[in-house]
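Please read the structure below before turning to the comments.
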Amino acid sequence: MKKRKGPSATQEDYLAAIFRIEQRHRIIRANLIAEELGVTRPTVTAALKHLSAMELIVYQPYQPIQLTEQGRKQAMAIAHRNIILFLFFRDTLKYSEEQAREIACKMEHAIDDEVVVQLGKLVLYIEQSGCIPENWQHLYSPHGKKHSFDVMLLKKGVSPRKESGRNSDSTSSPVQK
Numbered sequence: 002m003k004k005r006k007g008p009s010a011t012q013e014d015y016l017a018a019i020f021r022i023e024q025r026h027r028i029i030r031a032n033l034i035a036e037e038l039g040v041t042r043p044t045v046t047a048a049l050k051h052l053s054a055m056e057l058i059v060y061q062p063y064q065p066i067q068l069t070e071q072g073r074k075q076a077m078a079i080a081h082r083n084i085i086l087f088l089f090f091r092d093t094l095k096y097s098e099e100q101a102r103e104i105a106c107k108m109e110h111a112i113d114d115e116v117v118v119q120l121g122k123l124v125l126y127i128e129q130s131g132c133i134p135e136n137w138q139h140l141y142s143p144h145g146k147k148h149s150f151d152v153m154l155l156k157k158g159v160s161p162r163k164e165s166g167r168n169s170d171s172t173s174s175p176v177q178k
């Protein structure tokens with residue numbers, strides 16, 4: 002998995018907030034960002050200066066804030082990651098809307114874009130195939146009942162243990178498909 006480069010998690014939160022405000026109001030002002038994120042105006046000003054230095058926004062004090070083309074691309078990517086993660090946790094894993102939103106907001110900064118693409122495909126597949134998550138959730142519940150994945154994998158003929166690098170065949174995979 003490759004590490005994403007770019008803004009920090011906090012800076013991504015600001016980009017996402019700017020993007021959301023732009024969608025609702027068209028004109029982005031520092032006070033709206035402060036309201037959206039629950040922070041003070043001086044904190045917003047400092048963040049805006051950093052984002053401007055990174056050429057992700059156009060910022061001049063007392064003027065409306067604008068996303069640059071690169072800033073818009075990054076803000077849209079953040080929004081995309083958030084939506085996919087939210088849908089995965091809410092619709093597939095059946096977390097409450099509030100829990101799904103909270104988890105998605107935390108994970109959107111750390112997850113690799115390719116993982117998000119694959120999760121998006123899984124969410125679409127489950128939705129379009131008519132698969133009912135409750136039918137498989139009884140096998141493992143993160144909210145209480147524990148089920149050993151090792152037992153499930155062994156029943157399928159898959160070794161759940163990790164191979165040590167010393168005596169293992171480097172061409173074989175410990176997990177069979």
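Quick note on this note's numbering: the sequence shown kicks off at 2 and runs consecutively.
Just so it is clear, CB atoms sit at the ideal spot from N, CA and C, and this is done for glycine as well.
Check, Outcome
"Pair every Cβ in the region 43-50 with every Cβ in the region 104-114, then say whether three or more of these pairs are closer than 8 Å.", "no"
"Nearest by alpha-carbon distance to residue 69: which of 16, 132, 9, 26 is it?", "16"
"Work out the CA separation of residue 11 and residue 1 for me, nearest whole Å.", "Since the first and last residues shown for the chain are 2 and 178, residue 1 lies out of range."
"Which one of 123, 65, 73 has the shortest CA to CA distance from residue 88?", "123"
"Comparing alpha-carbon positions, which option in 24, 115, 27, 14 lies nearest residue 52?", "14"
"Can you give me the start and stop residues for the alpha helix (DSSP H) that residue 95 sits inside?", "No alpha helix (DSSP H) holds residue 95; DSSP gives it neither H nor E."
"List the whole-angstrom C-beta distance separating residue 22 from residue 58, where the pair is believed to meet the contact cut-off of C-beta under 8 Å.", "Going by Cβ atoms, the distance from residue 22 to residue 58 rounds to 12 Å, so no, they are not a contact pair."
"Going by alpha carbons, who is nearest to residue 56 out of 81, 33, 73?", "73"
"Just to check my reading of the structure: residue 90 and residue 104 have Cβ atoms closer than 8 Å, yes? What is that Cβ distance to the nearest angstrom?", "5 Å"
"Classify residue 16 as helix, strand or coil using the three-state DSSP reduction.", "helix"
"Going by DSSP in three states, residue 67 sits in which element: helix, strand or coil?", "strand"
"Might you give, ordered along the chain, the residues of its own chain that have their beta carbon closer than 6 Å to the beta carbon of residue 101, omitting 5 neighbours on each side?", "87, 90, 91"
"Out of 127, 60, 29, point me to the one whose CA is closest to residue 94's CA.", "127"
"Have a look at residue 8 and residue 54 and give me their C-alpha separation to the nearest angstrom.", "11 Å"
"Closest to residue 118 by CA distance: which of 129, 35, 81, 99 is it?", "81"
"State yes or no: is the C-beta of residue 49 within less than 8 Å of the C-beta of residue 85?", "no"
"Any beta carbon from chain C within less than 8 Å of residue 41's own beta carbon?", "The question asks about chain C, but that chain is absent: this structure has only one protein chain."
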